[in-house]
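Position 450 of the sequence shown, counted from 1, bears residue number 450 in the UniProt record's numbering, the numbering being contiguous throughout.
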Amino acid sequence: MLQAEVNSDDKARGCLNKALELKKEKKFLDAIDALHSLSDNKVRYGPMYKEAVSLLIELCLSQAHGVKVDLLFPAFRWNNRKVSGNQHLEDGTRHIVNTTLDHLDKRCKWAYDKVDETKAKRSECDLILSSLSGISIDQRVKDLYLVPAEKIVGEVAREMLTFNVIGHSGKLLPIYLETTEKLIELCRTYKFRAAIGHVADSFVRFFLRFLLYPIRPKTNKAYSTRAADALKIDRESFHRDVTAAQKTVSVFCQLLEALIAVSNWQGAWRTLECFTKVLAKTKQHEDFRKSQSDAYLVMATLFWECSCYSFHAHCLLSAAFLADDERKESLLSRAVLAALCVPNIKGRESFARGSDSFFQKNEQIAKLLDLKEAPSRNFLVQRMQQMQLLQAAPKGVVAVVELLRNEVFDGEASSRAIAQVSQVVQKDQSLEKYQQPLRKVVMKRFLEYMATKVTRVEASSLRIWESEQSEGAYVNEIEPYILHESGITVEIDHKTNSITFSNATKIKVLEAFDTLAQHVQLQPAASRRKLDIKPDHLRLVHERTRNLYNQQQSCEEAAEQRRKDAKLREREKRSKERAERIENEKKKKEAADLAKESQGIAKYNEYVNQERRKLLLRRLREKYKGFLIKDIIAQKNSNDFVQEVTKLLADHLKITTQEKAADVTRMNHFERACRELEIPRRRTIEEEEADKHKAERAAARENFLAQHRNEFEKRQQDNQLLRKFLKEAASFQQQMPTKGKVSKRDEQQMLLEMEKERLQGK
Numbered sequence: 001m002l003q004a005e006v007n008s009d010d011k012a013r014g015c016l017n018k019a020l021e022l023k024k025e026k027k028f029l030d031a032i033d034a035l036h037s038l039s040d041n042k043v044r045y046g047p048m049y050k051e052a053v054s055l056l057i058e059l060c061l062s063q064a065h066g067v068k069v070d071l072l073f074p075a076f077r078w079n080n081r082k083v084s085g086n087q088h089l090e091d092g093t094r095h096i097v098n099t100t101l102d103h104l105d106k107r108c109k110w111a112y113d114k115v116d117e118t119k120a121k122r123s124e125c126d127l128i129l130s131s132l133s134g135i136s137i138d139q140r141v142k143d144l145y146l147v148p149a150e151k152i153v154g155e156v157a158r159e160m161l162t163f164n165v166i167g168h169s170g171k172l173l174p175i176y177l178e179t180t181e182k183l184i185e186l187c188r189t190y191k192f193r194a195a196i197g198h199v200a201d202s203f204v205r206f207f208l209r210f211l212l213y214p215i216r217p218k219t220n221k222a223y224s225t226r227a228a229d230a231l232k233i234d235r236e237s238f239h240r241d242v243t244a245a246q247k248t249v250s251v252f253c254q255l256l257e258a259l260i261a262v263s264n265w266q267g268a269w270r271t272l273e274c275f276t277k278v279l280a281k282t283k284q285h286e287d288f289r290k291s292q293s294d295a296y297l298v299m300a301t302l303f304w305e306c307s308c309y310s311f312h313a314h315c316l317l318s319a320a321f322l323a324d325d326e327r328k329e330s331l332l333s334r335a336v337l338a339a340l341c342v343p344n345i346k347g348r349e350s351f352a353r354g355s356d357s358f359f360q361k362n363e364q365i366a367k368l369l370d371l372k373e374a375p376s377r378n379f380l381v382q383r384m385q386q387m388q389l390l391q392a393a394p395k396g397v398v399a400v401v402e403l404l405r406n407e408v409f410d411g412e413a414s415s416r417a418i419a420q421v422s423q424v425v426q427k428d429q430s431l432e433k434y435q436q437p438l439r440k441v442v443m444k445r446f447l448e449y450m451a452t453k454v455t456r457v458e459a460s461s462l463r464i465w466e467s468e469q470s471e472g473a474y475v476n477e478i479e480p481y482i483l484h485e486s487g488i489t490v491e492i493d494h495k496t497n498s499i500t501f502s503n504a505t506k507i508k509v510l511e512a513f514d515t516l517a518q519h520v521q522l523q524p525a526a527s528r529r530k531l532d533i534k535p536d537h538l539r540l541v542h543e544r545t546r547n548l549y550n551q552q553q554s555c556e557e558a559a560e561q562r563r564k565d566a567k568l569r570e571r572e573k574r575s576k577e578r579a580e581r582i583e584n585e586k587k588k589k590e591a592a593d594l595a596k597e598s599q600g601i602a603k604y605n606e607y608v609n610q611e612r613r614k615l616l617l618r619r620l621r622e623k624y625k626g627f628l629i630k631d632i633i634a635q636k637n638s639n640d641f642v643q644e645v646t647k648l649l650a651d652h653l654k655i656t657t658q659e660k661a662a663d664v665t666r667m668n669h670f671e672r673a674c675r676e677l678e679i680p681r682r683r684t685i686e687e688e689e690a691d692k693h694k695a696e697r698a699a700a701r702e703n704f705l706a707q708h709r710n711e712f713e714k715r716q717q718d719n720q721l722l723r724k725f726l727k728e729a730a731s732f733q734q735q736m737p738t739k740g741k742v743s744k745r746d747e748q749q750m751l752l753e754m755e756k757e758r759l760q761g762k
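Given below as C-alpha cells:
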C-alpha cells in the first residue's frame, strides 16, 4: 500500500513537472494535456494533487491562444471519480471551486485596474484613435478589458453551475450554493449584467432538474438507473434538510436582487418561475416562516420595479403575515399603503392589434402565485380585514385607509388625506416610495367625486398634490397623470386655467341632477300674460342671434382648422415614421448583405483552404509510399487538420522505420547463416589454392633467377668487348667538348656580314 502511494506521488510529480516545463515554453495546450493525464493514474489527494489542480485552473483561465475554459471542467469529473467515496471528496471539490473563484476575482480586479489606469493616463495616441474610430476611450477600454473579463466569468458560471459538475448530494449541495453566492457577489461587485444572466440560467436549470422534473432513467443501462436512484435519494434528503432548503431560498433571493439591480428582467422572470415552484416544494417545513417572508419581500421588490403594484401589495401582505414581531409593524404599514396604490380594474382593456398585454402579464403572474386574477384594491383591503392585519397596523396608516374609503371626497377630505400620508411617511422613511402613487390615488378619487358634482373645476384646486408648488410641477406631474393615467375624460383649458369634464362625466352630472329632481318639490308654472314686443326688442334679439351665429361659426372654423392641423401633423408624423422604417429596412438589408458577403468570403476561403489541404495530402501520398489518408480530413479546421496529419504521418514514418529496421535485421541474419554454411567449403578451397600458389611462386622465383643470370652473363660479355675500345674512348672524350664550338673571330666576321646586308637592304 505504501509503495502504491509513493508511485502515485511520483506520477503526480512527474505530470506536474512536465506541465511546468511546457508552460515555460508557452505550450499551454500540451501542459493542460499533461495535467489531464492525472485522470488515467491513481493519484491520491494531497499537496501534490492540489498544486496540479491549481496549475490546471491557472492555465485554463489564462485565455492564451487556443486555450478554452471548457478544458477546466473535466477536473471536476475525474476529481469525483478518483476521490469519490472517501473523506476528501468535499475538500477536493471545495479546493477546485475556491481556486477558480480566486483566479476570477483577481482577473476582474486586474481588468478594472487597467481601465482606471488607462482613463487616468490618456495619451495623444488614444485621443487621435478615438477621434478617427468614433469610439470613445471609455468604451474602447471597456471592450478591451471588461468585456473579456465578463465573458470568462459568464463561461465559468455557465459550466460550473451545470448539473453534475459540482454535484447535488448532501455534502456537495452546500458547496454548490456557496459557489453560486460567490459568483452572484462577484457579478454584483463588478456589475456584470450578462454574466449574472448566465448564473441565473444555470442555477434555474439545476433546480428544475434537481427538484421539479420527474425522475426517470434516460436509457436502460445500469449506470442510468443508478444515477436516477441517486438523484431520488438526494431529492428526499433535501426535503428533510431544513438548513439546505433555507440556504436555497436565500440564494434565490440574492439572485433575484442581483438581477433587479442590473435590470435583467428576462432572467428575473425565469428565476421567479423556478423560485415559486421551489418555494411551494419547501413550504412543508415548520421552521421556514422567516425564509418565506424574505422570499416574498424580494418578490415584492421585483414587482414594484416592474410596476405590478397589485402583486407587490400581495407579496407584502404575505410577508407581513409570516414575519416575526420585530418586522411585522413595518411590513404591515408597507402592505397597507401598497394595497391603496393598487387600481380597481373593472374590465379588460383592448390595445392595438387585439392584444391585451397588460392583462396577459397579470394572468401569468397570478397563475405563478396561485391566484385566479390580479388582486384589486378592495380585494386586498378585505383580505387584510379577514386576516386581522389591518387592525394590527399603525394608527396613522389605518387613518389613511379610512380617509380614502370616505364617500364624500371633496377638496377638504383630499387635503386631509394628503396631510395624513405626509405624516406617515415622515415617521417611517421606508414608506417614502408610496407617497407619490398615493398622491395620484387621492387625485383620482377627488376627480371622480367632483365629476359627479360639477362640470368644471379650477386647476388651482389641484395644486395641493404637487410635490413642489410651481407651474412646471403642475404641467409635468399633474396634467400627464390626468390625461394619460387617471382614466377620466377631461378637457383642460389653459386660458381659463380650468378642467372641464367631458361627455361621460356630464352624463353622470345629469344623472345626479335627475336623482336630485326626484326629491325636489314641484312649483306651479308662472301665469302667462300678453307681452308687449317692440321693434327695439326685436332688433336686440336679432343682434344677439347674429352674434351667437358669428361666434358659433368662428368656433366651428377654429375647430375645423384644429382638425386640419391635427391631420397634417398626423400625416407628417406617419411620413416621418415611414421614412424611418424605410431607412431602418435599408440598414437591415445592408447589414444582411454584408453578413451574406462575409459568409460567402468565409466559405470561399474555407474552400481554398480545403483544396490546399487536399493538394498537401496528395503530395504526402506521392512522397511517402504507403501513406494512406482520406481527403475528408481536409474539412477540419486548420489546427485540427495539422494535428491530425502530423499524428498520422508520424505514425506512418514510425511504422515504416520499424519495418525497414526489421528487414535489415532479417538480411543480416540471412547473410550470417550463409556465411556459417560457406566457411568450411571456403576453408578447403583456400587450402588448395594456397598449395597451388606456393608452387607457382617457387616456379616464378626460379624463372626470375634464371633470367637474371642470363642478363648478367650477357652484360659480362659486352664489357669484355668494350674493353678493346677504351684507349680510343679517352681521345674521343677530349675532342667532344670542342667539337661544334665557334671561335670569336668567326663570330665577329659573321656579325659584320649581317650588318652590311642590313645597310644594303635600306
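Virtual Cβ for every residue (Gly too), placed ideally from N, Cα, C. Since the structure is predicted, the reported quantities are computational estimates derived from the model, not experimental observations.
Nearest Cα to Lys182 within the set Lys171, Met160, Gly167, Cys15: Met160. The continuous stretches of alpha helix (DSSP H) do not include His168, and DSSP gives it neither H nor E.
The beta carbons of Ala157 and Ala111 sit no closer together than 7 Å.
By the neighbour-count definition (other C-beta atoms within 10 Å, threshold 16), Gly46 is an exposed residue. Straight across, the Cα-Cα distance linking Gln717 with Leu705 is about 19 Å. Distances from the CA of Leu59 to each of Glu90, Met48, Asp91, Lys24 were compared; the closest alpha carbon is that of Lys24. In the structure shown, Lys247 adopts helical secondary structure according to DSSP, grouped into three states. Across the structure, Val401 and Leu255 are spaced so that their CA atoms are roughly 35 Å apart. Under the criterion of beta carbons closer than 8 Å, Val141 and Val115 qualify as touching, at roughly 5 Å. A straight line joining the alpha-carbon of Lys603 with that of Ser136 spans about 34 Å. For Lys18 and Ala34, the gap between their C-alpha atoms comes out near 7 Å. Per the C-alpha coordinates, the member of Glu326, Glu257, Arg327 positioned closest to Met299 is Glu257. Measuring C-alpha to C-alpha distances from Trp269 to each of Asn703, Gln292, Cys308 identifies Cys308 as the nearest. Under the criterion of beta carbons closer than 8 Å, Ser293 and Ala319 qualify as touching, at roughly 5 Å. Secondary structure remark: continuous alpha helix (DSSP H) runs of at least 4 residues inside the segment 304-339, in chain order: 309-322.
Straight through space, the alpha carbons of Glu676 and Ile685 are spaced by roughly 15 Å.
In the three-state reduction of the DSSP assignment, Phe288 falls in the coil class, being assigned neither a helical nor a strand state. When DSSP states are grouped into helix, strand and coil, Met160 belongs to the helix group. Straight across, the Cα-Cα distance linking Met384 with Glu185 is about 37 Å. Around Cys315, the same chain offers Tyr296, Met299, Ala300 as residues with beta carbons nearer than 6 Å, after the five sequence neighbours per side are excluded. In the displayed model, Pro437 falls within a helix according to three-state DSSP. Counting along the chain, no alpha helix (DSSP H) covers Ile215, and no H or E run does either. Excluding five sequence positions before and after Leu368, the CB atoms of its chain that fall closer than 6 Å to its own CB belong to Thr276, given in chain order.
With respect to His168, Asp234 sits close: the two C-beta atoms are nearer than 7 Å. Taking a C-beta distance under 7 Å as the contact criterion, Phe238 and Ala230 do not qualify as a contact pair. Under the criterion of beta carbons closer than 8 Å, Gly267 and Gly154 do not qualify as touching, at roughly 12 Å.
Proximity to Leu101 across Ile175, His36, Ala31, Lys119 peaks at Ile175, based on C-alpha coordinates. The alpha carbon of Asn609 has as its nearest neighbour, out of Gln420, Arg193, Phe641, the alpha carbon of Phe641. In this structure, the beta-carbon distance from Val336 to Val397 falls below 7 Å.
Annotation for Asn668: the continuous alpha helix (DSSP H) segment containing it runs 638-722. At the C-beta level, Val165 and Leu211 stay beyond 7 Å of one another. Val199 is not a Cβ neighbour of Thr271, given a cutoff of 7 Å. Counting only the Cα atoms, Phe712 lies some 15 Å from Leu721.
For Ala280, the closest C-alpha among the options Asp370, Ser333, Met387, Asp565 is that of Asp370.
A straight line joining the alpha-carbon of Lys614 with that of Ala634 spans about 6 Å.
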